[in-house]
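Please read the structure below before turning to the comments.
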Amino acid sequence: MEFSELITIRQSVRKYQDRPVENEKIAQLIEAVRLAPSASNSQPWKLIIVNESGLKDKVARATFSKLVSFNKFAPQAPVLAVLTIEKPKVITQIGGRLKDREFPLIDIGIAAAHFCLQAAELGLGTCMLGWFDEAAVKKLLHIPEKTRIGLVIALGYAAAGYPLRKKIRKDVKDMVSFNSY
Ligand SMILES: Cc1cc2nc3c(=O)[nH]c(=O)nc-3n(C[C@H](O)[C@H](O)[C@H](O)COP(=O)(O)O)c2cc1C
Numbered sequence: 624m625e626f627s628e629l630i631t632i633r634q635s636v637r638k639y640q641d642r643p644v645e646n647e648k649i650a651q652l653i654e655a656v657r658l659a660p661s662a663s664n665s666q667p668w669k670l671i672i673v674n675e676s677g678l679k680d681k682v683a684r685a686t687f688s689k690l691v692s693f694n695k696f697a698p699q700a701p702v703l704a705v706l707t708i709e710k711p712k713v714i715t716q717i718g719g720r721l722k723d724r725e726f727p728l729i730d731i732g733i734a735a736a737h738f739c740l741q742a743a744e745l746g747l748g749t750c751m752l753g754w755f756d757e758a759a760v761k762k763l764l765h766i767p768e769k770t771r772i773g774l775v776i777a778l779g780y781a782a783a784g785y786p787l788r789k790k791i792r793k794d795v796k797d798m799v800s801f802n803s804y
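Note that this note's numbering has the sequence shown beginning at 624, numbered continuously upward.
Shown next, in the form of structure tokens:
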């Protein structure tokens with residue numbers, strides 16, 4: 624698949640088939656995250672694959688919102704991938720402080736993009752979930768108290784006939800300029 628096609632077909636999937644994800648595909652997704660670039664090559668993440676169904680359902684429920692019907696689809700996904708934010712190399716920590724930059728946040732965003740794009744190439748759907756009860760997810764997955772979770776990513780086969788939506792995006796004129804802000 625051409626990269627331009629891949630970025631067009633990747634979309635957030637919020638309806639999944641009751642079908643497991645093959646271990647070989649999960650291995651390819653792990654490799655896609657492993658190869659992601661990061662500031663000073665710190666690779667400041669851990670990837671937790673949650674595919675044990677009882678545990679996975681509990682993590683999925685920790686992504687619900689009490690206020691709105693957010694993420695109610697999450698339990699349908701047969702796999703949840705959790706990306707933690709780990710301490711980067713000392714040089715990156717110093718650079719980040721000197722320059723007031725959160726390099727690990729940028730890094731895990733790129734790692735998540737690798738995961739989702741690789742999934743799309745493999746015929747799988749994903750949805751990045753930034754809304755979750757962090758303390759509850761940490762407890763369920765035995766993540767140390769001081770470690771932050773960057774993202775939870777729902778993964779699975781999109782429901783049959785799940786439509787490819789038209790992308791709603793800003794106009795080019797509203798998001799790009801040449802040579803000056
Ligand atoms: C950092 C981040 C957090 C997100 N959190 C959620 C979420 O909690 N629930 C959800 O349904 N979608 C979530 N999304 C998906 C976005 O809503 C989606 O990417 C955006 O609307 C563009 O649609 P598309 O992914 O289908 O192209 C999140 C996306 C990102 C990048």
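Backbone N, C-alpha and C fix where the C-beta goes; we use that ideal spot for every residue, glycine too.
Since this is a predicted model, take the numbers as computed values, not measurements.
| task | Could you tell me how far apart the beta carbons of leucine 670 and leucine 706 are, in whole angstroms, since I believe they sit closer than 8 Å? | result | For this step, residue 670 is matched to residue 47 along the sequence shown. For this step, residue 706 is matched to residue 83 along the sequence shown. Right, their Cβ atoms sit about 6 Å apart.
| query | Using the C-alpha atoms, what's the distance from arginine 642 back to alanine 759? | reply | Along the sequence shown, one-based indexing puts residue 759 at 136. Along the sequence shown, one-based indexing puts residue 642 at 19. Each residue's alpha carbon lies about 26 Å from the other.
| Residue ranges of each alpha helix (DSSP H) within the region 698–766, 4 or longer | Listed in chain order, the complete alpha helix (DSSP H) runs (minimum 4 residues) inside the region 698–766 are 713–722, 726–744, 757–764.
| query | Should phenylalanine 726 be labelled buried (16 or more other beta-carbon atoms within 10 Å of its own) or exposed? | reply | Here residue 726 refers to the residue found at position 103 of the sequence shown. It counts as buried.
| What three-state label does DSSP hand alanine 782 in the structure shown? | Stepping through the sequence shown from its first residue, residue 782 is reached at position 159. Correct three-state label for alanine 782: coil.
| request: Find out if the Cβ-Cβ distance for the pair serine 635, lysine 712 is shorter than 8 Å. | output: The residue given as residue 635 occupies position 12 in the sequence shown. The residue given as residue 712 occupies position 89 in the sequence shown. Cβ distance not < 8 Å, so serine 635 and lysine 712 don't count as in contact.
| task | Would you decide whether asparagine 646 is buried or exposed? Buried here means 16 or more other CB atoms lie within 10 Å of its CB. | result | One-based indexing of the sequence shown puts residue 646 at position 23. Exposed, because fewer than 16 other Cβ atoms sit within 10 Å of the Cβ of asparagine 646.
| Excluding five sequence neighbours on each side, which residues of the same chain lie with their C-beta closer than 7 Å to the C-beta of lysine 681? | For the purposes of this step, residue 681 is taken as residue 58 along the sequence shown, with counting starting at 1. Same-chain partners within the cutoff: Leu763.
| message | At a threshold of 7 Å, does methionine 751 count as lining ligand 1 (C-beta to nearest heavy atom)? | response | On the sequence shown, residue 751 is found 128 positions in, with the first residue counted as 1. Yes, since a heavy atom of ligand 1 falls inside the 7 Å radius drawn around the Cβ of methionine 751.
| field | Interface flag, leucine 728 vs chain C, CB-CB below 8 Å | value | The structure shown has no chain C; it contains just one protein chain.
| Apart from the five residues just before and just after lysine 648, which ones in its own chain have a Cβ nearer than 7 Å to its Cβ? | In the sequence shown, residue 648 corresponds to position 25, counting from 1. Within the same chain, Leu745, Leu747 come within 7 Å of lysine 648 by CB-CB distance, once the 5 residues on both sides are set aside.
| field | Closest Cα partner of alanine 655 within the set Ile733, Gly677, Val775, Phe755 | value | Start at 1 with the first residue of the sequence shown, and residue 655 comes out as number 32. For the options Ile733, Gly677, Val775, Phe755, the alpha carbon positioned closest to that of alanine 655 is the one of Ile733.
| Do you know how far the Cα of alanine 783 is from the Cα of arginine 724? | The residue labelled residue 724 in the question sits at position 101 within the sequence shown. The residue labelled residue 783 in the question sits at position 160 within the sequence shown. C-alpha separation (whole angstroms): 42 Å.
| message | Bridge partners for lysine 669 per DSSP, in chain order? | response | Within the sequence shown, residue 669 is the residue found at index 46, counting from 1. Partner residues in the beta bridge of lysine 669, as assigned by DSSP, are Thr707.
| task | Go ahead and pull the three-state DSSP assignment for valine 682. | result | Taking the sequence shown and counting its residues from 1, the one referred to as residue 682 is at position 59. Valine 682: helix per DSSP, three-state reduction.
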